[in-house]
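Read in full-length UniProt numbering, the sequence shown has 114 at position 114, and its numbers run on one by one without any break. Worksheet for the structure shown next.
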Amino acid sequence: MKGPLFYSKILLFGEYGIIKDSKGLSIPYNFYNGALKVDENPTQEAIKSNNSLQAFVDYLRNLDKELVTFDIDTLQKDVDAGMYFDSSIPQGYGVGSSGALVAAIYDKYASDKITVLENLTREKLLKLKAIFSEMESFFHGKSSGLDPLNSYLSLPILINSKDNIEATGIPSQKTEGKGAVFLLDSGIVGETAPMVSIFMENMKNEGFRSMLKDQFIKHTDACVDDFLKGDIKSLFKNTKQLSKVVLNNFKPMIPKQFHELWKKGIETNDYYLKLCGSGGGGYILGFTENIDRAKEALKAHKLEVVYNF
C-alpha cells in the first residue's frame, strides 16, 4: 500500500504575525513530500512513525464530532498493520512535516471530506483550516491549521486575516532571473512549541505588542502585497525592513551563530534573512536580488533556491 503524495510548504511571509492577524502567504514546496505506507519489513524509522500514529489515532477519537469524523476502525486497523508516514520532509525545519501527515490522514480517513475538486468557498477553506488546526495541535500544542491546508490543497494560500483566507495565484517564476527566494540550512532542529511560548510571553509586554503592530505586521503585509503584485523593487525594500525588525526583536528565534550573518546581509544588501516557520533552527528563509552574490557571501552554508524572480 502507498497513498498519494503530500508536499511540504513554505510560509513566505506571516510567521508569528498571523497569530495577531497580519497577512500571510504560504506556498507548496514540492521538493519534499510524504505518503502513508505499509511495508513488509519496516525500518526503525517506520516503526517510530507507526508508534506516533498509534498515539495520534487515540487523539483523533476524541476530536469534536461536530467538526469532523473519521473512519477510526479502518484507520486503527491500518495502523495495527504497521502503517507509517514515509516522508522526506525534514522534521523541525519549518517546512510542514506534521502538516503533510495531517493532510494525508484527513484525505484517506475523514468522512464527508471537503475535496480539492469542489468549489472552494471561503466557508469551506475556513472549515478545513479549523479541522486541520484541531488535528495538528496534537503535534505542537497550538496550530493555525495552515500547513496541512497548504499541503492538502497544494495551492498557494493568501491569509488576509484569521477569518479571511483564499487560494491564490502567485506570479510565475522567471527561471533566468537573478533574484531568488532560498532556504538556508541552519543545521539545527527547531522545536515549534518553545518558540511560540517565548513569543506569547513577549506579547504580554506593551512595547513588544506595539512593535508587532507598527513595524512587523506593517512590513509583512507590504511584502505580501508586493510579492503578489510582482513589485520586486518594493518587495526587497520591505523585506530588508522586516529582516531588521526580526533581528532586533526576535533574537531568541534566530540561532546565535546566525546573528552576525543576518546583520551582514542587511549591511551589504547581498541578501536578507527572515524566519521560516517558528525559527529556533531548521531552515532560515533568504531573499536576494542576486543569487550569485548571495551564494558567494554564504558559501559556508547549504542553500536551496525555492523561487526565482
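Note that the Cβ used here is the ideal one computed from N, Cα and C, for glycine as well.
Counting other Cβ atoms within 10 Å of its Cβ, Tyr59 stays below 16 and is therefore classed as exposed. Using a Cβ distance threshold of 8 angstroms, Val189 and Gly99 do not count as a contacting pair. Sequence-distant partners of Met135 (beyond 5 residues in either direction) whose C-beta falls short of 6 angstroms from its own C-beta, in its chain, are Val102. Exposure of Pro4 is indicated by the presence of fewer than 16 other C-beta atoms within 10 angstroms of its C-beta. Where Asp80 is concerned, the enclosing alpha helix (DSSP H) starts and stops at 72-80. For Ser98, the enclosing alpha helix (DSSP H) starts and ends at 97-109. In the structure shown, Asp226 adopts helical secondary structure according to DSSP, grouped into three states. For Glu40, no alpha helix (DSSP H) run applies, since DSSP gives it neither H nor E.
For the 8 angstroms CB-CB criterion, Ser278 and Glu15 form a contact.
Following the DSSP letters along the chain, one finds Gly286 inside the beta strand (DSSP E) bounded by residues 283-288.
In this structure Asn164 is exposed. Its beta-carbon is surrounded by fewer than 16 other beta-carbon atoms within 10 angstroms. In this structure, the beta-carbon distance from Leu149 to Leu128 falls below 8 angstroms. Residues of the same chain with a CB within less than 7 angstroms of the CB of Ala180, apart from the 5 flanking positions on each side, are Thr288, Ile291, Val305, Tyr307, Asn308, Phe309 in chain order.
Lys9 has Pro28 as its beta-bridge partners, per DSSP. Distance from the Cα of Tyr7 is smallest, within the candidate group Phe208, Pro90, Leu273, Ser144, for Pro90. Val181 sits in a strand when the DSSP states are folded into three classes. By the Cβ-count criterion, Asp64 is exposed, with fewer than 16 other Cβ atoms from all chains shown falling within 10 Å of its own Cβ. Annotation: Val189 is outside any beta strand (DSSP E) and is labelled neither H nor E by DSSP. Just so you know, the alpha carbons of Lys302 and Asp185 end up roughly 6 angstroms apart. The C-beta separation of Gly17 from Phe216 comes to about 6 angstroms, placing the pair in contact by the 8 angstroms criterion.
Under the three-state reduction of DSSP, Gly34 is assigned to strand. With distances taken between CA atoms, Leu120 lies nearest to Leu153 out of Leu153, Val38, Glu296.
Residue state for Ser278 is assigned as coil, using DSSP reduced to three classes.
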